[in-house]
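Read left to right, the sequence shown gives residues 1 to 442 (full-length UniProt numbering).
Read the structure below first, then the notes.
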Amino acid sequence: MVEKTVLNIGFDDTDSPKGMCTTFLAYKIVDLLLKHKTEFLDFPRLIRFNPNIPWKTRGNGAVSIRIKTRNPSKVKNQIKNLVLKYSDVKNGANPGLVFFESDTIPSEFTNFTNLAMWQLIKRNNAKRFAKKNDLEFFYRGNGQGLVGAIGAIGYDFQDHTLELLSYRKRTKFGKERKISTESVKIMQEKTYPNTFNSFDTKKERILITPHGPDPVFYGVRGENVSSLVYATKILKSDEKLDGYMIFKSNQGTGDHLKNELNFENMKPYASGKITGIVSNTPKIVKGGHVFFKIISKNHEFWCAVYKPTGISPIASNLIRGDKICVGGGVRKASKKFPRIINLEFIDIIHLKKNLSKSNPICKKCNKKMKSKGQNQGFQCIRCGKKASKKITVEISRKVKKQLYIPNMSAHRHLTRPLQRIGISNKTSKFDKSLSWFCVYTN
């Protein structure tokens with residue numbers, strides 16, 4: 001009997017702003033493979049890359065699947081046909097598909113993936129990588145999807161979350177999603193802390209439903225399969241859904257902000273973090289956005305905090321001399337603005353004392369003394385007591401030494417929520433018997 005081959009499959013950029021979804025393609029591929037009794041070695045993997053890439057469709061996510069098969073050629077042809085069928089090429093999708101037969105993933109893959117987490121990787125680099133490593137690959141359009149396809153195969157999980165994505169029937173694509181707000185609130189309460197970012201209680205906003213014409217009805221993110229499946233039983237909607245699939249993902253891990261930014265690597269669209277000293281008084285501009293500068297290793301960098309993040313009041317209360325670590329994406333310079341870091345977090349490491357000169361206080365009357373004129377000292381108008389100079393007073397700070405992250409509604413797919421700070425999920429193993437995939441029979 002022919003031995004089974006481990007086949008790694010990666011694909012990306014099958015969607016467009018007008019429709020379809022790379023995860024929906026994954027759902028269709030998995031459905032087909034399961035019907036043929038294919039052996040899965042792990043959950044389908046949904047990997048999010050650098051969110052600051054300007055030509056991303058939505059969340060800059062790619063998918064990889066790892067299986068064992070006795071007939072890899074047949075599987076490859078089936079998947080290639082599905083990629084062609086479910087890619088929205090006519091509306092600008094540039095799908096990329098990669099096959100790699102191996103039970104181990106070489107370090108070259110992982111290195112490529114790590115760069116794609118925070119840099120802009122050009123599609124020609126991906127094509128060169130595929131040829132150099134003798135990968136079977138296929139693409140349409142300009143081949144941009146090869147970047148994510150290779151990266152999804154090469155991702156090495158040091159932490160992970162899971163996401164249950166529920167899909168609509170084709171007749172519902174593009175129509176309004178209707179789900180009970182109260183059921184989403186209850187679901188979040190009952191599944192916390194094993195799910196995250198489902199409902200923003202401050203803004204009374206549902207966060208699990210996308211807004212575009214894609215096939216996803218909702219996506220619930222969390223730490224384990226049982227909590228996600230339980231969540232689906234709480235959520236209420238009149239719409240009959242097609243089914244769901246659970247992905248293993250790097251969402252909620254802060255992956256894109258782990259790279260240390262510096263003067264040399266701070267190129268447009270890069271993501272990462274940098275530690276420095278606040279070097280000017282923050283400026284609040286029209287709209288409530290805040291701009292300030294930091295110095296790091298003798299170089300000065302502009303930082304921007306936008307009002308919708310909810311952390312602009314924190315930025316506005318920084319002063320010169322504060323030591324902070326900030327993370328975000330580098331915005332390309334324009335005629336009006338230099339290169340700037342759009343912040344996604346502010347971690348205050350050290351607060352400088354905010355000292356101010358003030359008129360002395362009369363100890364007897366407990367009143368501020370009045371100036372007698374330039375260089376003439378101060379005098380209490382009530383009792384006549386005199387003092388020669390101003391005193392130094394410390395003004396209490398309105399911020400603390402801690403990590404500040406945006407409002408839940410402003411989180412990106414990769415943003416690590418507060419409830420996951422200090423958590424590293426390495427232990428959950430793939431159990432084929434769990435309800436990780438389901439096509440409804442209604």
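A virtual CB, placed ideally from N, CA and C, is assigned to each residue, including glycine.
Task: Where GLU189 sits in the DSSP three-state scheme - done: helix
- [ ] Quickly, what does DSSP pair MET245 with across the bridge? List them, please.
- [x] LEU165 and PHE437
- [ ] Pick out whichever of HIS350, ILE121, LEU351 and GLY329 has its Cα sitting closest to the Cα of LEU343.
- [x] Comparing alpha-carbon positions, the option among HIS350, ILE121, LEU351 and GLY329 lying closest to LEU343 turns out to be GLY329.
- [ ] State whether the stretch 80-87 contacts the stretch 17-35, with contact taken as three or more CB pairs (one from each stretch) at a distance under 8 Å.
- [x] yes
- [ ] Specify whether the stretch 189-205 and the stretch 262-279 touch according to this definition: at least 3 beta carbon pairs, one from each stretch, less than 8 Å apart.
- [x] no
- [ ] Select from ASN52, ARG221 and THR5 the residue whose C-alpha is nearest the C-alpha of PHE40.
- [x] Selected option, being the one with the closest Cα: THR5.
- [ ] Report the three-state DSSP secondary structure of TYR306 (helix, strand or coil).
- [x] coil
Task: Span of the beta strand (DSSP E) around LEU82 - done: That residue, LEU82, is in no beta strand (DSSP E); its alpha helix (DSSP H) goes 72-86.
Task: Cα-Cα separation between TYR218 and ASN298, rounded to whole angstroms - done: 47 Å
- [ ] Compute the distance between the beta-carbons of GLU101 and LEU7, then report whether it is under 8 Å.
- [x] Closer than 8 Å, so yes.
Task: Status (buried if at least 16 other CB within 10 Å, exposed otherwise) for LEU165 - done: buried
Open item on the list: Taking only three categories from DSSP, how would you classify ARG170?
Closed with: Assigned with DSSP and collapsed to three states, ARG170 falls in helix.
Open item on the list: By alpha-carbon positions, which one of ASP322, LEU235, LYS267 and THR253 ends up nearest to LEU414?
Closed with: Ranking the options by Cα distance to LEU414, first place goes to THR253.
Open item on the list: Suppose you measure from the CA of residue 443 to the CA of PHE157; what does that come to, to the nearest Å?
Closed with: Residue coverage of the chain in this structure runs from 1 to 442, which leaves residue 443 outside it and unanswerable.
TODO: Could you check which residue in ILE381, PHE345, LEU355 and SER356 has the C-alpha nearest to that of ASN366?
DONE: The shortest Cα separation from ASN366 among ILE381, PHE345, LEU355 and SER356 belongs to ILE381.
Task: Which listed residue (ASN197, ASN50 and PRO313) has its alpha carbon closest to that of GLY287 - done: With distances taken between Cα atoms, GLY287 lies closest to PRO313.
- [ ] Using the Cα positions of PRO406 and ARG420, report the straight-line distance between them to the nearest angstrom.
- [x] 14 Å
Task: Separation of VAL229 from PRO193, as counted between CA atoms - done: 15 Å
Open item on the list: What would DSSP say about VAL285, mapped onto helix, strand or coil?
Closed with: coil
TODO: Grab the span of the beta strand (DSSP E) containing LEU46 for me, first residue to last.
DONE: 45-48
TODO: Between the Cα of LYS236 and those of GLY61, PRO213 and THR181, spot the shortest distance and give me the residue it belongs to.
DONE: Cα-wise, what sits closest to LYS236 is THR181.
Open item on the list: Going by DSSP in three states, residue 445 sits in which element: helix, strand or coil?
Closed with: The requested residue 445 does not occur in the structure, where the chain is confined to residues 1 to 442.
Open item on the list: Buried or exposed, going by whether 16 or more other CB atoms sit within 10 Å of the CB of VAL98?
Closed with: buried
Open item on the list: Quick check on PHE430: does DSSP put it in helix, strand or coil?
Closed with: coil
TODO: Might you give, ordered along the chain, the residues of its own chain that have their beta carbon closer than 8 Å to the beta carbon of THR195, omitting 5 neighbours on each side?
DONE: MET187, GLN188, VAL220, ARG221, GLY222, GLU223, SER227, LEU228 and ALA231
Open item on the list: Taking the straight line between their C-alpha atoms, what separation do you get for ILE53 and LYS370?
Closed with: When rounded, the separation of the alpha-carbon atoms in ILE53 and LYS370 is 59 Å.
Open item on the list: My assumption, with CB atoms under 8 Å, is that ASP322 sits in contact with LEU355. Please give the rounded CB distance.
Closed with: ASP322 to LEU355, Cβ: 13 Å. No contact.
Task: DSSP beta-bridge partners of LYS273 - done: BP columns for LYS273 point to GLU260 and GLY327.
TODO: Using 10 angstroms around the beta-carbon of LYS368, count the other beta-carbons present and answer buried if the total reaches 16, otherwise exposed.
DONE: Exposed: under 16 other Cβ atoms inside 10 Å.
Open item on the list: Below 8 Å, how does it come out for the stretch 35-50 and the stretch 62-80: are there three or more Cβ pairs, yes or no?
Closed with: yes
Task: Residue from LYS357, TRP55 and LEU34 whose Cα sits closest to the Cα of ASP15 - done: Of the candidates LYS357, TRP55 and LEU34, the one whose C-alpha sits nearest the C-alpha of ASP15 is TRP55.
Open item on the list: What does the alpha-carbon distance come out to for the pair VAL411 and THR104?
Closed with: This sequence places His at residue 411; Val is not what is there. Their backbone Cα atoms lie some 34 Å apart in a straight line.
Open item on the list: Is it buried or exposed, LEU162, if we count other Cβ atoms within 10 angstroms and call 16 or more buried?
Closed with: With 16 or more other Cβ atoms within 10 Å, it is buried.
TODO: On a CA-only basis, which of GLN119, MET408 and THR69 is nearest GLU264? Give me that one, please.
DONE: GLN119
- [ ] In angstroms with no decimal places, state the Cα-to-Cα distance between ILE391 and LYS363.
- [x] 13 Å
Task: Backbone secondary structure at GLU182 - three-state DSSP - done: Reduced to three states, the DSSP call for GLU182 is helix.
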